[in-house]
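Take a look at the structure set out below.
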Amino acid sequence: MDFLLQPLNLVIFFPLLGVLALLFLKERESLARWVSLITALITFGISLWVLGLFDAANPDLQLTVVRDWIQVAGWNIRYAVGVDGLSILLVLLTTFLTPIAILSTWRAVEDRVRDFQLFFLLLEVGMLGVFLAQELFLFYIFWEFTLVPMYFLIGIWGGPKRMYAAIKFFLYTMAGSILMLLAILWLGINQGSFYLPDLIAIGGIPADIQYWLFIAFAAAFAIKVPMWPLHSWLPDAHVQAPTAGSVILAGVLLKMGTYGFLRFNLQLFPQTSVQLAPVMGVLAVIGIIYGAIVSYPQSDVKKLVAYSSISHLGFVVLGLFALNQQGISGAILQMVNHGISTGALFLIVGFIYERRHTREMDEFGGLWKVMPVYAVLTLIVALSSMGLPGLNGFVGEFTILLGAWGGGVANGPYGSYLFAGLAAVGVILAAVYMLFMFQKLFLGPVTNKKNEGLKDLSARELAILIPLLVLIFWIGLYPQPFFALIGPAVAKLTASFSGIAYLPIP
Amino acid sequence: MNYFDLVPWIVFLPVLGLLLNILIGKRLGERGSSLVAFLASGGAFVVSVLQWLSLSAHPEAHIVKFAEWINIGALQVPWAFRVDTLSVTMMLVVSGVGTLIHIYAAGYMHYDVRYKGDPAAYQRFFIYLNLFIAAMMILVSGDSYLMLFVGWEGVGLCSFLLIGFWFNKNPDGSSGMENSNAAKKAFIANRVGDLGLLLAMFAIFTLMGSLSFDTVFARAEFINPSYILAITLFMLIGVAGKSAQLPLYVWLPDAMAGPTPVSALIHAATMVTAGVYLVARSAPLYSLAPAAQTTVAVVGALTALFAATIAVGQNDIKKVLAYSTISQLGFMVAAVGLGAFVAGMFHLVTHAFFKALLFLGSGSVILALERAHHPIDGDHEQHHEEPKKGHAFDPQDMRIMGGLRKVIPTTYRVYLIGALALAGLPPLAGFFSKDEILTDALHANPLVYALLTAAAFLTAFYMGRQVLLVFFGEPRSHAAEEAVESPPIMTWPLIVLAGLSILGGLINFPGLHGLTNWLEHTLGHEFAHATEFNLTVALTSTLLALLAIYLAWTLYGREPLKAKAADPLAKRLGSLFTALQNKWWVDEFYGWLIIRPYQRFAAFLADVVDWRFWHDWVHDSLIARGFRGLAVFLANPVDLGVIDGLANGLATGARGLASSLSILQTGYVRNYALMVFFGVVSMLAYLIFFS
Chain C
-10 MDFLLQPLNL
0 VIFFPLLGVL
10 ALLFLKERES
20 LARWVSLITA
30 LITFGISLWV
40 LGLFDAANPD
50 LQLTVVRDWI
60 QVAGWNIRYA
70 VGVDGLSILL
80 VLLTTFLTPI
90 AILSTWRAVE
100 DRVRDFQLFF
110 LLLEVGMLGV
120 FLAQELFLFY
130 IFWEFTLVPM
140 YFLIGIWGGP
150 KRMYAAIKFF
160 LYTMAGSILM
170 LLAILWLGIN
180 QGSFYLPDLI
190 AIGGIPADIQ
200 YWLFIAFAAA
210 FAIKVPMWPL
220 HSWLPDAHVQ
230 APTAGSVILA
240 GVLLKMGTYG
250 FLRFNLQLFP
260 QTSVQLAPVM
270 GVLAVIGIIY
280 GAIVSYPQSD
290 VKKLVAYSSI
300 SHLGFVVLGL
310 FALNQQGISG
320 AILQMVNHGI
330 STGALFLIVG
340 FIYERRHTRE
350 MDEFGGLWKV
360 MPVYAVLTLI
370 VALSSMGLPG
380 LNGFVGEFTI
390 LLGAWGGGVA
400 NGPYGSYLFA
410 GLAAVGVILA
420 AVYMLFMFQK
430 LFLGPVTNKK
440 NEGLKDLSAR
450 ELAILIPLLV
460 LIFWIGLYPQ
470 PFFALIGPAV
480 AKLTASFSGI
490 AYLPIP
Chain Y
719 MNYFDLVPWI
729 VFLPVLGLLL
739 NILIGKRLGE
749 RGSSLVAFLA
759 SGGAFVVSVL
769 QWLSLSAHPE
779 AHIVKFAEWI
789 NIGALQVPWA
799 FRVDTLSVTM
809 MLVVSGVGTL
819 IHIYAAGYMH
829 YDVRYKGDPA
839 AYQRFFIYLN
849 LFIAAMMILV
859 SGDSYLMLFV
869 GWEGVGLCSF
879 LLIGFWFNKN
889 PDGSSGMENS
899 NAAKKAFIAN
909 RVGDLGLLLA
919 MFAIFTLMGS
929 LSFDTVFARA
939 EFINPSYILA
949 ITLFMLIGVA
959 GKSAQLPLYV
969 WLPDAMAGPT
979 PVSALIHAAT
989 MVTAGVYLVA
999 RSAPLYSLAP
1009 AAQTTVAVVG
1019 ALTALFAATI
1029 AVGQNDIKKV
1039 LAYSTISQLG
1049 FMVAAVGLGA
1059 FVAGMFHLVT
1069 HAFFKALLFL
1079 GSGSVILALE
1089 RAHHPIDGDH
1099 EQHHEEPKKG
1109 HAFDPQDMRI
1119 MGGLRKVIPT
1129 TYRVYLIGAL
1139 ALAGLPPLAG
1149 FFSKDEILTD
1159 ALHANPLVYA
1169 LLTAAAFLTA
1179 FYMGRQVLLV
1189 FFGEPRSHAA
1199 EEAVESPPIM
1209 TWPLIVLAGL
1219 SILGGLINFP
1229 GLHGLTNWLE
1239 HTLGHEFAHA
1249 TEFNLTVALT
1259 STLLALLAIY
1269 LAWTLYGREP
1279 LKAKAADPLA
1289 KRLGSLFTAL
1299 QNKWWVDEFY
1309 GWLIIRPYQR
1319 FAAFLADVVD
1329 WRFWHDWVHD
1339 SLIARGFRGL
1349 AVFLANPVDL
1359 GVIDGLANGL
1369 ATGARGLASS
1379 LSILQTGYVR
1389 NYALMVFFGV
1399 VSMLAYLIFF
1409 S
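For the protein sequence lines, the chains are C and Y, in the order given. Residue numbering for the first sequence follows our numbering, beginning at -10 and increasing consecutively. Residue numbering for the second sequence follows our numbering, beginning at 719 and increasing consecutively.
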């Protein structure tokens, strides 16, 4: 039992208690929602306890639990979890967004309530496992584990083309994961351990092999992010997924990709990271611009938000491969920011969808007059998403771009200013698609009779959005507590790049 | 005794005001909520005055650090306020003129919300107005480029909100999208400018390791001048966006869609001068890059002349003032570009007085006509029929005015003072500040001097034309005959501003150099030299202004315009006048060059490239079907047990992409969930008991 009571094990596996309780409930019971919500809230409480135990000044893994697990054929597979500045915020983001997403299903999911909640809690276990696992084998298990509940959430509770979207999501991610699995096996067999701190300490992987291992890991992560041009599954998954699924998909699941780059590619293959930083930077910048341009002509709000994620996560990748403190700290914060802002945007889209059962922007117009509270809150979220100073998105984007301007991404033949300069154009384009979206929904006169009687946000809907808005302002105005958690771990990580000279790829 | 520690209140008080109005504004009623907003802005003015007093005793810069903000490695940017003579000058203008406009707006908006049929919007207006004061104060008092940028984009947001204040209408009051289009246009044009400022900040931080003004300026001289040139030119893009200079000025005329107090406060007196402030603030950088200085000066001078030509051809009372504002901003930008930082700031201050006066005066005129056209009695709400687009009564059209000096004499008198100040006639404020710019220009750059002098001539002409069209001659409509003078709450701020427009020249009176000496504490002697009065320049510009006014009189005064008659300029200028009326077709040109190509390209990229090619064809057709074909091929001819099974499995999976999997609809789902659950539980059990 002592094992289960370790703080990190508790936070990962606590939702299973909720799953167990749900298994004893009948199919349609609304009690299922409460069981699920309370479980998620307690999990959030536990994660706050973890935060209390966390020593921000310590750059290393903390609260680690390491056990021998599977010893077959000379493989030394262990169970190892731990948390550091690179992951603590993502753990909190997960436990914070999950109850919010669950609360959003109150009216939206009427069908097979219990099963829905069951998968949702299982999904939380998987996500927390991904962010806390410090052992490659265990990480891989959790990574694949998250696919299953998400597959069902989209496939059962999704829109008209849900099966197509669910299978595409599943196959696409699997395809990348297989390459990662091969790389994990190579590492485990040749380096004699799957335990991440061991692997980092051992090091000494020849440069050419590092190169291939980097690409194998990157394949899995780039699909997950998704980086251009591997984004084709995302619009389908988002448009078809139920609101709560989209919130978690955009809010947390996509971050598993960027987190993977941070945790594995940068730490395990520093040499190749420096080498390939410009390539990653190019892909990231293309994603930023491409995502922003493609968002603009969309007619379905949800699809617009989905494409905007490609643009936003391009910023995160760009920050990571700046390989300096500003870039990486900004990238980690921006993962949180995107989870909050885009999560909120998906919730907002869900609110109007529940009222009108359409997401076509042409159906709306002039909603500010009808739903003023909804309009103002949407405006704040939209502004946060397009990086208005004083709100959260700006702090992340600015530090990322500042890092990228002179950072490692700028190595090589591409010149030092081009990355940040072009990426900053994405900031203008973000204003373009966001303002068009806002105008089409909220400004102008009410032209569609169906919109005249719409009710403004309910107390429950406000309760869902307000925690997100608090964070939007908090991070925007006073992000220091967040940077303080990130800082030391990032400083340690960037120090590992300092001795590496950039060499062109052979 | 000093009050420097109070400086954060210039931001907190307006924030407090807007929060109060958000929370209890509806209960406070119109009087209560406008009073709260006024007290918030007035309080900020009092704090600014206290800063001024404290600074008079201790003129060196004071930095009041309030809190940490962004702190990563070398990047250290706190929330820190900077109190120096330059920032306090701006604080006084913003909160002083701002507070007067709050008073005026309390009266103006009472009518406006009723004419627009939405009295509940009153509180919202004052919330935005306070938000604007807060953001503008952050802009002028920030101690780093980044904090300046917070205010910089913050005022842009307020501008967006206030231009689109009547977001469901067109500027003429009919239902439509035009106001919201104007708001969006302003935001996006400003964002283009903001990109320049962002790039400047990246370069500054990378080269100088800081974003705080003092550190940056101290290190600037050790940096390769070509980098400084790049930084200052990036900044110029920001200036062009915010201060509506060529080529980004196009948003400002459309911004007149906002209620008139907004046009006075944001789009004339304060926000649009932020670019001038930025260049003055960055004087140590610009002085290291002479090429950038020349560029700034030429951009400013060209804008001054270009916008002045358009102002000549406008019929909308506010559009004339809007182009005039762009033109006057060009004067200021040209001045600071030439290194005449004090002259630029001097004109910024006097322009804030007389242009706020003119805009508010035009608001009084507009309201006078509106109230004559359809009277509303007192505070009682009346049913207001919504006009159809194009058929609306347009109280801003100067062609339906005329003869107003008799019916609204107070407005007429103050307006005349504002117009003469803008035309630059002695001894009004505009004369001194404009002449200081012209004198500096003559010494520094004859081309700039010539452009500005031509612009000054046109300024006097279009103001003469406007005053004659609006206030002289015979009324050209029923509304103009019956126009109603505005209530005292609106006229008193006008009278105060008229007084300031008369006396404003004293701020930097030739020979006394008050503003020069004041700003010297911040800019240093090098950048704040006193300009001696130049009689030739003064006489030239005065005579030109008089000539222009005479010219306007011969066209519009001697034979006043008749109702529905063509503008006398149309005959004389021919197609040139058409070009002026159509603003040289710049909007159409941008639509052709940028907007429509972007829309087409985006639609192509989204629909054809991303969706039909990449999503449908490559993924669904090529990959999925190719995979299935391969699987079928392997399954049939190569009938090996292992491969067969594997391939069939793959084929099934691939087929599933197009069809639906029936398993999910059945009760198997719970079994999957159970399997997953027990899988995890058994893994845990193993770890607990066997490891």
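The C-beta atom is built at its ideal place from N, Cα and C for all residues, glycine as well.
For residue i, would you say it is in contact with chain Y, using Cβ-to-Cβ distances shorter than 8 Å as the test?
i, result
"G7 of chain C", "no"
"T83 of chain C", "no"
"S487 of chain C", "no"
"P(-4) of chain C", "no"
"V416 of chain C", "yes"
"W23 of chain C", "no"
"G355 of chain C", "yes"
"Y342 of chain C", "no"
"V114 of chain C", "yes"
"Q264 of chain C", "no"
"I282 of chain C", "yes"
Our contact map puts residue i next to residue j with C-beta atoms below 8 Å; I'd like the distance itself, whole angstroms only.
i, j, result
"G385 of chain C", "Q323 of chain C", "3 Å"
"M152 of chain C", "T135 of chain C", "Not confirmed; about 19 Å, so no contact."
"A951 of chain Y", "T1013 of chain Y", "In the sequence on display, residue 951 of chain Y carries Leu and not Ala. L951 of chain Y to T1013 of chain Y, Cβ: 7 Å. Contact."
Under 7 Å Cβ to Cβ from residue i, same chain only, skipping five residues before and after it: list those, please.
i, result
"L372 of chain C", "L380"
"F83 of chain C", "Per the sequence shown, the amino acid found at residue 83 of chain C is Thr instead of Phe. Closer than 7 Å at Cβ, skipping near neighbours: E113, M116, L117, F120, V241."
"F304 of chain C", "I277, Q323, E386, I389, A412"
"Q841 of chain Y", "N739, G743, K744, S751"
"D44 of chain C", "Q51"
Taking only the alpha-carbon atoms, compute the straight-line gap between residue i and residue j and give it to the nearest angstrom.
i, j, result
"N785 of chain Y", "Y1390 of chain Y", "One detail in the question is off: residue 785 of chain Y reads as Ala in this sequence, not Asn. The straight-line gap from Cα to Cα measures roughly 52 Å."
"P1205 of chain Y", "V1214 of chain Y", "15 Å"
"G546 of chain C", "I143 of chain C", "There is simply no residue 546 of chain C to check, as chain C begins at -10 and stops at 495 in what is shown."
"Q499 of chain C", "V806 of chain Y", "Chain C is shown from -10 up to 495; residue 499 of chain C falls before or after that span and cannot be answered."
"G476 of chain C", "F923 of chain Y", "19 Å"
"N313 of chain C", "G410 of chain C", "17 Å"
"K439 of chain C", "R96 of chain C", "20 Å"
Give a yes or no on whether the minimum CB-CB distance between residue i and chain C is below 8 Å.
i, result
"A1320 of chain Y", "yes"
"L768 of chain Y", "no"
"T1427 of chain Y", "With chain Y covering only 719 through 1409, there is no way to say anything about residue 1427 of chain Y."
"G959 of chain Y", "no"
"V765 of chain Y", "no"
"M895 of chain Y", "yes"
"A1391 of chain Y", "yes"
"G1081 of chain Y", "no"
Once you ignore the five residues that flank residue i on each side, which residues in its own chain have a CB closer than 6 Å to its CB?
i, result
"D57 of chain C", "R67"
"L1078 of chain Y", "Y822, A982, L1212"
"L255 of chain C", "S262"
"R344 of chain C", "L443"
Among the residues of its own chain, which have a CB less than 8 Å from the CB of residue i, if the five just before and after it don't count?
i, result
"Q180 of chain C", "D187, L188, I191, I194"
Taking 7 Å as the cut-off, does the CB of residue i come closer than this to any heavy atom belonging to the ligand MG?
i, result
"I856 of chain Y", "Because no ligand of any kind appears in the structure shown, any question about the ligand MG cannot be addressed here."
Closer than 9 Å, Cβ to any Cβ of chain C: which residues of the region 1324 to 1337 of chain Y, in chain order? A1324, D1325, V1327, D1328, W1329, W1332, H1333, V1336, H1337
According to a CB-to-CB cut-off of less than 8 Å, which residues of the region 719 to 753 of chain Y neighbour chain C? none
Along the region 772 to 806 of chain Y, what residues have a CB closer than 9 Å to any CB found in chain C? A785, E786, W787, I788, N789, I790, G791, A792, L793, W797
Listed in chain order, which residues of the region 975 to 1004 of chain Y have Cβ atoms closer than 7 Å to some Cβ of chain C? None of the residues of the region 975 to 1004 of chain Y has a beta carbon lying less than 7 Å from any beta carbon of chain C.
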